[in-house]
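Novice: For the first sequence, counting from 1, position 120 maps to 124 in my numbering; every step adds exactly one. Structure in structure tokens, see below.
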Amino acid sequence: MDSSYQPKLIEKAAQDAWTQADSYRVTEYATNKSGQAKPKFYACSMLPYPSGKLHMGHVRNYTINDVMLRHLRMKGFNVLMPMGWDAFGMPAENAAIANGAAPAAWTYQNIADMKTQMQPLGLAIDWSREVTTCKPDYYKWNQWLFLKMLEKGIAYRKTQLVNWDPVDQTVLANEQVIDGRGWRSGALVEKREIPGYYLGITQYADELLDSVKDKLDGWPSQVRTMQENWIGKSVGVRFAFPHNIGNAQGLIQDGKLFVFTTRADTIMGVTFCAVAPAHPLALHAAASNAAVADFIEKAKAGGTTEVELAVKEKEGVPTGLFVTHPLTQEQIPVWVGNYVLMAYGDGAVMGVPAHDERDFVFAKKYALPIKSVIDFGKPYSTDAWQAFYGDHGVCIDSGPMNGMTFDQAIEYVATQTRPQGGERKTTWRLRDWGISRQRYWGTPIPIIHCKECGEVPVPEKDLPVVLPEDLIPDGSGSPLKKDRRFIDCTCPKCGRPAERETDTMDTFVDSSWYFMRYCNPDNTTAMVDARNDYWMPMDQYIGGIEHAVLHLLYARFWTKVMRDMNLVKFDEPFTNLFTQGMLSAECFYREDGAGKKRWYYPDEVSVNHDDKGRPIGAVAVDDGRPVVLGGMEKMSKSKNNVVEPKDIIARFGADTARAYVMFAGPPEQSAAWSDSGAEGVYRFLKRVYTYGVWSKNAASGTPVGDFSKSSAAVKRLRFEIHTILAQANHDYARLQYNTVVSAAMKMLNALEDTKTQVGADWAAVRNEGLLILLRTLYPLAPHICWQLWHDLGYAVTFGEIIDAAWPVSDPAALEQDEIELVVQVNGKLRGQIRVPKDATKQAIETLALADAGVAKHTDGKPIKKLIVVPGRLINVVV
RNA sequence: GCCGGGAUGGCGGAACUGGUAGACGCACUGGACUCAAAAUCCAGCGGUGGCAACAUCGUGCCGGUUCGAUUCCGGCUCCCGGCACCA
């Protein structure tokens, strides 16, 4: 046993031992020593994008996963922690454009680099299950399931709205549109409709909503709420405004302008209708109305994001067309509005300015009439919008609907409009999932375009459609479109020359089911097999909150599709979800005359403090002149505040890196990195090691004893250790690992405080304490605990620590004869009393009132009330 | 703009179901050890007043419920995540 803590040597030895024993390989149906099947536990982190650099956010994610695995494994579970690579996507193409190299080579190199950086962390990953999404043996199954969805009518083709760069003649991702311009060309971006494939997630909207509301109780409530709102179920009425607008080909949409509304009770307040710029009525009006045509053209400018539409000023133009109010037969003007979405409902809305805030703003702007038809018991004024104008109430000034309640009015409108196609209807905010991407580095969509037969699915026997890995994109669109080797093929139906689809799939497809592939990565004949039935549904999914909606919703949808194809037997993929927060770090900068910031690395500056420890400024090390303290910012390359795991491991070792990222804050919240904080954890581990050395010399091999007859002081230490252990176990259960690190520190503090005490009982109680401490700390800092476990001879008695029994606190140790109670006067702390644990309420009250501090504040005043909270406090109200 | 979070000492954070606010750690200050430094160890450490005992204020802001509020309710401010082609 070395006399000082040497993380490098210890971590190498521990990792070699684990590798040699193949400790992390997990098999299905594992049994314990007595031959019983261990309960399975599948704990998985969201798979990383192989950027090439492992950052502290990854370390945080995988350490949470690893701590959970080691803890539950000791508790007797068969725990799986796999790892893989979300290897398709835009960054590889961008790197390829920048370096003139193929995305494949870049991606594979990054994967190799990241694995090298992950290795020293000592994560209990079963690498035999590694999945890489850009490999044909994986994406073959994306294609296979897509074809099944096509057969079932879940996948279909329609037009989609994209950002179009008119100069580069290419589709842009939202990320590639900067201030309304193409990132490379600088050209103003336009909206354009092109054909693409969609997955019918809305067919599952009801089930996706119901289970997120009622079943997923292992998910954080904010994620459930976000998904609920995203799916956005609205129950209302869909009805038509009849009209006779048309041309030689006939009436537009059969002479019916359909709208959907959740507020059919306000139908008598309609003063206009508004349609989306792409609505057939708008296009019809544009043919003979230059102002409308102009407006529609202008509406094409800009990108496709919801933010852009939402913050845009609500504008419109009258079409000059009129439709008939279905109940009053009044003529209602039709406007084109830039705030009406073609993708939601029918792309048209009824305008009720009196009771809808958006319509109100629109009506004020264009001087349209505002007609109030709901009674609020308060006066209505059209001067300014009031929040209550949108409330439900009783109908007034509504002719036959006068006096109706909300529900009565809805029913009435649905019934009255039925002859014209009116009905009660549910509408979703959720839209079908467009998966076509005009990009190279993704899963090819397995479709062949034939002049004779149209769109023909690639036959199953011809899968996978392999993506060529040697193309180099140049920024002007997908290189697949120029690759005849890929494009040219024969039609599977008629055998004539045909062309392959060059669009690839959204990378969210890859991440919608990879976690199932981990269970059976080697199966070449099926997407999933019985091993997937064993591990899934996943017991714990861990990843960033930024995936709260899209990824998690798509994965849930994909699972339900697989269930309906009898590929899996469960309804939901993730039983429990844990969303971790971000990591930030201090940053420093100096501004030049033009206001441009030069960011300094932490080791380029020296921070000055006042004598209370407050930072009062910082100077650059090189020139001694001041730099600005930039505060805590999300770690980012551009701000030079990225902390790299390899540097921390080199300075302090992996155990410190792991324990500190856990200690830095509650795992679900964002936390700040601090080098000196990490150093504090390093100091703690050094003390653990030093205490281990001392313990070996002082009391090696002392058995755990019977403490029933021990001195009060020995019992007090035991009480303390077991109380902390109970707390740590509670925190392990709720995944609050930051306070588990605190608990381990407290245990060591308590043990060290008694080092001067000698005797068999002291040796025994400290020995028990150290056994508890090592196992409590082990999941967080496995290497040092493994080493001490061996050095102190515990491995011989209790077996390897990785499978040692998890410690539980002894109820006997937690029993106390006397307890301390707090006494408050009017809710303020005024004294403390010690009472026997079984003291009567009467006795406690007498003691409390007799306390000097309490007496001083009650001071003869009459006592109004005495509140006794058993085991906690007494509050005297005077 | 809409949806979802967050805010506690100089800093990261703790306080489990409304019951001692600031555990644990960092920074800082003082001391021990040392020729010296590092490392280590000991002590102090929310603000204000006070030699002290102690008093008083204090959990982003304003208000409410309660014997008692960091915790519950109403109204704000600022920051963060998402908004369907970043992953």
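We put the beta carbon where it would ideally sit given N, CA and C, even for glycine. These numbers were taken from a predicted model, which means no experiment stands behind them.
Count the CB pairs spanning the stretch 371-378 and the stretch 390-400 that are closer than 8 Å, and state whether there are at least three.
Specialist: The answer is yes - the stretch 390-400 touches the stretch 371-378, with three or more Cβ pairs under 8 Å.
Novice: Under 6 Å Cβ to Cβ from TRP790, same chain only, skipping five residues before and after it: list those, please.
Specialist: Stepping through the first sequence from its first residue, residue 790 is reached at position 786. Here the set comprises ALA18, ILE805.
Novice: Indicate the three-state DSSP secondary structure (helix, strand or coil) for GLN544 in the structure shown.
Specialist: Taking the first residue of the first sequence as position 1, residue 544 is located at position 540. GLN544: strand per DSSP, three-state reduction.
Novice: Can at least three beta-carbon pairs, one atom from the stretch 72-88 and one from the stretch 122-140, be found at a separation below 8 Å?
Specialist: Yes: the two stretches touch, three or more of their Cβ pairs being nearer than 8 Å.
Novice: Based on DSSP bridge pairs, tell me the residues matched to ILE378.
Specialist: As a working mapping, residue 378 is identified with position 374 in the first sequence. For ILE378, which the question treats as bridged, DSSP gives the partners CYS399.
Novice: Under the three-state reduction of DSSP, which class applies to PRO649: helix, strand or coil?
Specialist: Within the first sequence, residue 649 is the residue found at index 645, counting from 1. Helix at PRO649.
Novice: With DSSP as the reference, label ASP90 as helix, strand or coil.
Specialist: For the purposes of this step, residue 90 is taken as residue 86 along the first sequence, with counting starting at 1. Correct three-state label for ASP90: coil.
Novice: Please name the residue, chosen from ILE728, LEU818, ALA716, VAL263, that lies closest to TYR349 on a Cα-to-Cα basis.
Specialist: The residue labelled residue 349 in the question sits at position 345 within the first sequence. The sequence given here places Gly at residue 349; Tyr does not occur at that position. Ranking ILE728, LEU818, ALA716, VAL263 by Cα distance to GLY349 puts VAL263 first.
Novice: Around the C-beta of GLY307, are 16 or more other C-beta atoms found within 10 angstroms, so that it is buried, or is it exposed?
Specialist: Taking the first residue of the first sequence as 1, we reach residue 307 at position 303. GLY307 is buried by the Cβ-count criterion.
Novice: Can you look up ASP659 in the DSSP assignment and give me helix, strand or coil?
Specialist: In the first sequence, residue 659 corresponds to position 655, counting from 1. In the structure shown, ASP659 sits in a helix (DSSP, three-state: H, G or I).
Novice: For VAL873, count neighbouring Cβ atoms within 10 angstroms of its own Cβ and tell me buried if that reaches 16, exposed if not.
Specialist: As a first step, residue 873 is located in the first sequence; it is residue number 869 there, counting from the start. Its Cβ having fewer than 16 others within 10 Å, VAL873 is exposed.
Novice: Suppose you measure from the CA of SER588 to the CA of LYS485; what does that come to, to the nearest Å?
Specialist: Counted from its first residue, the first sequence places residue 588 at position 584. Counted from its first residue, the first sequence places residue 485 at position 481. So the two alpha carbons sit approximately 42 Å from each other.
Novice: Just the C-alpha distance for GLU683 and GLN731, rounded to the nearest angstrom, thanks.
Specialist: For the purposes of this step, residue 683 is taken as residue 679 along the first sequence, with counting starting at 1. For the purposes of this step, residue 731 is taken as residue 727 along the first sequence, with counting starting at 1. Roughly 25 Å between the two C-alpha positions.
Novice: Does the contact criterion of 3 or more C-beta pairs under 8 Å hold for the stretch 420-433 versus the stretch 233-251?
Specialist: Yes: at least three Cβ pairs fall under 8 Å.
Novice: How far does the beta strand (DSSP E) with SER225 in it reach, from first residue to last?
Specialist: One-based indexing of the first sequence puts residue 225 at position 221. It is not in any beta strand (DSSP E) - SER225 instead sits in the alpha helix (DSSP H) that spans 225-235.
Novice: State the Cα-Cα distance for the pair ARG441 and ILE449, rounded to the nearest angstrom.
Specialist: Counting from 1 along the first sequence, the entry for residue 441 is found at position 437. Counting from 1 along the first sequence, the entry for residue 449 is found at position 445. Taking the straight line from one Cα to the other gives about 9 Å.
Novice: Let me know if HIS734 comes out buried or exposed under the rule of 16 or more other beta-carbons within 10 Å of its beta-carbon.
Specialist: As a first step, residue 734 is located in the first sequence; it is residue number 730 there, counting from the start. The residue in question, HIS734, is exposed, as its Cβ has fewer than 16 Cβ neighbours within 10 Å.
Novice: Excluding five sequence neighbours on each side, which residues of the same chain lie with their C-beta closer than 7 Å to the C-beta of LEU154?
Specialist: Your numbering for residue 154 matches position 150 in the first sequence. PRO461.
Novice: Can you look up ALA743 in the DSSP assignment and give me helix, strand or coil?
Specialist: Against the first sequence, residue 743 aligns to sequence position 739. The question names Ala, but residue 743 is Thr in the sequence shown. Correct three-state label for THR743: helix.
Novice: Going along the chain, which unbroken runs of the alpha helix (DSSP H) with 4 or more residues stay wholly within the stretch 328-381?
Specialist: Here the runs fully enclosed are 361-370.
Novice: Could you tell me the distance, in whole angstroms, from the CA atom of GLU361 to the CA atom of ALA347?
Specialist: For the purposes of this step, residue 361 is taken as residue 357 along the first sequence, with counting starting at 1. For the purposes of this step, residue 347 is taken as residue 343 along the first sequence, with counting starting at 1. Cα to Cα, GLU361 sits roughly 21 Å from ALA347.
Novice: Could you pull out every unbroken alpha helix (DSSP H) segment of at least 4 residues lying fully inside the stretch 812-873, listed in chain order?
Specialist: Correct list: 815-818, 845-854, 856-862.
Novice: According to DSSP, CYS48 sits in a beta bridge with which residue or residues?
Specialist: Along the first sequence, one-based indexing puts residue 48 at 44. Bridge partners of CYS48: TYR545.
Novice: Below 7 Å between beta carbons: does that hold for TRP698 and TYR46?
Specialist: Along the first sequence, one-based indexing puts residue 698 at 694. Along the first sequence, one-based indexing puts residue 46 at 42. No, they are not a contact pair.
Novice: Give the range of the alpha helix (DSSP H) segment to which TRP145 is assigned.
Specialist: For the purposes of this step, residue 145 is taken as the residue at position 141 of the first sequence. Segment 140-156, the alpha helix (DSSP H) holding TRP145.
Novice: Are the CB atoms of ASN251 and ALA303 nearer to each other than 7 Å?
Specialist: The count along the first sequence starts at 1 and reaches residue 251 at position 247. The count along the first sequence starts at 1 and reaches residue 303 at position 299. No, the Cβ-Cβ distance between ASN251 and ALA303 is not below 7 Å.
Novice: Just to confirm the assignment, what range does the beta strand (DSSP E) spanning TYR202 have?
Specialist: By one-based count along the first sequence, residue 202 stands at place 198. Here the beta strand (DSSP E) through TYR202 covers 194-203.
Novice: What span of residues does the alpha helix (DSSP H) with HIS734 cover, start to end?
Specialist: One-based indexing of the first sequence puts residue 734 at position 730. Residues 716-737.
Novice: Need the endpoints of the alpha helix (DSSP H) that HIS75 sits in, please.
Specialist: Translated into positions along the first sequence, residue 75 becomes position 71. Taken as a continuous stretch (DSSP letters only), the alpha helix (DSSP H) holding HIS75 covers 60-78.
Novice: At what residues does the beta strand (DSSP E) containing ARG133 begin and finish?
Specialist: Along the first sequence, one-based indexing puts residue 133 at 129. Counting along the chain, ARG133 falls outside any beta strand (DSSP E), and DSSP gives it neither H nor E.
Novice: Assuming contact is defined by CB atoms lying nearer than 7 Å, are CYS498 and CYS523 in contact in what I supplied?
Specialist: Locating residue 498 in the first sequence gives position 494, counting from the first residue. Locating residue 523 in the first sequence gives position 519, counting from the first residue. For CYS498 and CYS523, no; Cβs fall outside 7 Å.
Novice: Can you give the Cα-Cα distance for VAL800 and ALA808, rounded to whole angstroms?
Specialist: One-based indexing of the first sequence puts residue 800 at position 796. One-based indexing of the first sequence puts residue 808 at position 804. Cα-Cα distance, rounded: 11 Å.
Novice: Can you tell me which of ILE549, LYS573, GLU32, VAL647 puts its alpha carbon nearest to the alpha carbon of GLU590?
Specialist: Counting from one through the first sequence, the residue named residue 590 turns up at place 586. For GLU590, the nearest C-alpha among the options comes from VAL647.
Novice: According to DSSP, is GLU503 helix, strand or coil?
Specialist: Reading the first sequence from its first residue, position 499 is the one you call residue 503. Here GLU503 sits in strand by DSSP.
Novice: I need the straight-line Cα distance from ASP20 to GLN123, nearest angstrom please.
Specialist: Taking the first residue of the first sequence as position 1, residue 20 is located at position 16. Taking the first residue of the first sequence as position 1, residue 123 is located at position 119. Between ASP20 and GLN123, the C-alpha separation is close to 11 Å.
Novice: In the DSSP assignment, find the unbroken alpha helix (DSSP H) run with ASP298 in it and report its ends.
Specialist: Position 294 of the first sequence, counting from 1, holds the residue named residue 298. 294-303 is the span of the alpha helix (DSSP H), which, as asked, contains ASP298.
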